[in-house]
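A short write-up of the structure that comes next.
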Amino acid sequence: SLSHPLKARSYVQQLRAVAKYPNLGSRYRFVIKDVIDLAENNWEPRHPVETPKIIDTYLRDELQSAGLSVDHSHSNNNIDGPKMHKLQPIPVVILEEPKLSPEEERKIDVMLAEFWASFDLDDAIETAAELGHCSVIVEKAIIASLTKKDNHRKQVLQFLLEILRKELISRDQMLKGFKGVFSQMEDLQMEIPFATKFIAEFIAVFVKSNGFSLPEFETFFPVIGNDSLISQLVQKIGISLEQ
1229 SLSHPLKARS YVQQLRAVAK YPNLGSRYRF VIKDVIDLAE NNWEPRHPVE TPKIIDTYLR
1289 DELQSAGLSV DHSHSNNNID GPKMHKLQPI PVVILEEPKL SPEEERKIDV MLAEFWASFD
1349 LDDAIETAAE LGHCSVIVEK AIIASLTKKD NHRKQVLQFL LEILRKELIS RDQMLKGFKG
1409 VFSQMEDLQM EIPFATKFIA EFIAVFVKSN GFSLPEFETF FPVIGNDSLI SQLVQKIGIS
1469 LEQ
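Residues are numbered in our numbering as their position in the sequence shown, beginning at 1, plus a constant of 1228.
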């Protein structure tokens, strides 16, 4: 039991040792750091525990900090500038899709590798058609593009919009693909400095001109699991929508 001081100190010492493992994942390292900080402060939080903000509040706060004005004179929370959708969470129900086989996973990886080499949109669309409604294509394509050049991301965006237009993937599956990206954002941001900015730019395109609303994406922001990162994403989406 941690109520016994000697045992508590012993556990903390073991955690300090574990934190030094070179192959320890970043998430585990941060969790261990939080526990050690808590122990050093006599198991009292160093900062007050705040109630998590709802996504609407994030959006208002972050857009204001980015120098954008918020019009409070209307009940629908309109924001000056380009169209901003009403900041009300929209429940999104996504049906489960069959799990991909290893062969299908490899097929997507090969398709993307060939796409980077040739930008052959027709071949990529053909592969998407063979796989059917598959959110993993969206997830893998966006994540793979984060380490590429701007023109690669534009090509991926064109590919995603085209398979959506041809109804090779549903709106729900497109959103589920973004959800898969969100679930990996902490690691992505650590490995790719501009990951959050690039993901925000993808979202902004879907919101500005392709029939999606921002609240549809907001529904899945909690899977990011990091309030600061959510805040950064919301701010960068606002900036991208203004451009």
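For glycine and all other residues, C-beta sits at the position ideal for the given N, C-alpha and C.
Residue closest to residue i, alpha-carbon to alpha-carbon, out of the options
{"i": "Thr1424", "options": "Asn1454, Ile1397 and Gly1439", "result": "Asn1454"}
{"i": "Met1413", "options": "Asp1400, Phe1445 and Ile1458", "result": "Ile1458"}
{"i": "Ala1345", "options": "Arg1237, Val1364 and Gln1383", "result": "Gln1383"}
{"i": "Asp1415", "options": "Leu1266, Ile1452 and Leu1461", "result": "Ile1452"}
{"i": "His1380", "options": "Arg1399, Leu1461, Ser1456 and Glu1342", "result": "Glu1342"}
{"i": "Leu1461", "options": "Gln1417, Ser1238 and Arg1399", "result": "Gln1417"}
Beta-carbon proximity list for residue i, same chain, < 8 Å, skipping 5 on both sides
{"i": "Lys1368", "result": "Ile1336, Asp1337 and Leu1340"}
{"i": "Val1240", "result": "Val1263, Ile1264 and Ala1267"}
{"i": "Asn1269", "result": "none"}
For residue j and residue i, believed in contact at Cβ under 8 Å, the rounded distance
{"i": "Lys1394", "j": "Ile1353", "result": "7 Å"}
{"i": "Ser1363", "j": "Gln1401", "result": "4 Å"}
{"i": "Ile1260", "j": "Ala1245", "result": "Actually they are not in contact, since the Cβ atoms of Ile1260 and Ala1245 sit about 10 Å apart, beyond 8 Å."}
Test item: CB-CB of residue i and residue j under 8 Å
{"i": "Val1366", "j": "Leu1388", "result": "yes"}
{"i": "Ile1420", "j": "Leu1359", "result": "no"}
{"i": "Phe1449", "j": "Phe1422", "result": "no"}
{"i": "Leu1385", "j": "Phe1347", "result": "no"}
{"i": "Ile1427", "j": "Ile1467", "result": "no"}
{"i": "Glu1444", "j": "Leu1403", "result": "yes"}
Contacts around residue i, its chain only, beta-carbon distance under 6 Å, and the 5 residues preceding and following it disregarded
{"i": "Ala1356", "result": "Ile1365, Ile1391 and Leu1396"}
{"i": "Val1435", "result": "Leu1442"}
{"i": "Arg1334", "result": "none"}
Cβ shell of residue i (< 7 Å), same chain only, five flanking positions each side left out
{"i": "Ser1437", "result": "none"}
{"i": "Val1433", "result": "Leu1385"}
{"i": "Glu1476", "result": "This structure does not reach residue 1476, given that the chain is present from 1229 up to 1471, and the question cannot be answered."}
{"i": "Lys1464", "result": "Thr1424, Lys1425 and Ala1428"}
{"i": "Lys1311", "result": "Annotation note: pLDDT 44 at Lys1311 (below 50); position unreliable, coordinate value reported separately. If we look at Lys1311 and ignore the five residues flanking it on each side, it has no Cβ neighbours."}
{"i": "Glu1332", "result": "Leu1359"}
Tell me the start and end of each unbroken alpha helix (DSSP H) in the segment 1372-1437 that is at least 4 residues and wholly inside, in chain order. 1378-1393, 1399-1410, 1413-1419 and 1423-1437
Can you give, in chain order, each stretch of the alpha helix (DSSP H) that sits fully within the segment 1434-1463 and has at least 4 residues? 1442-1446
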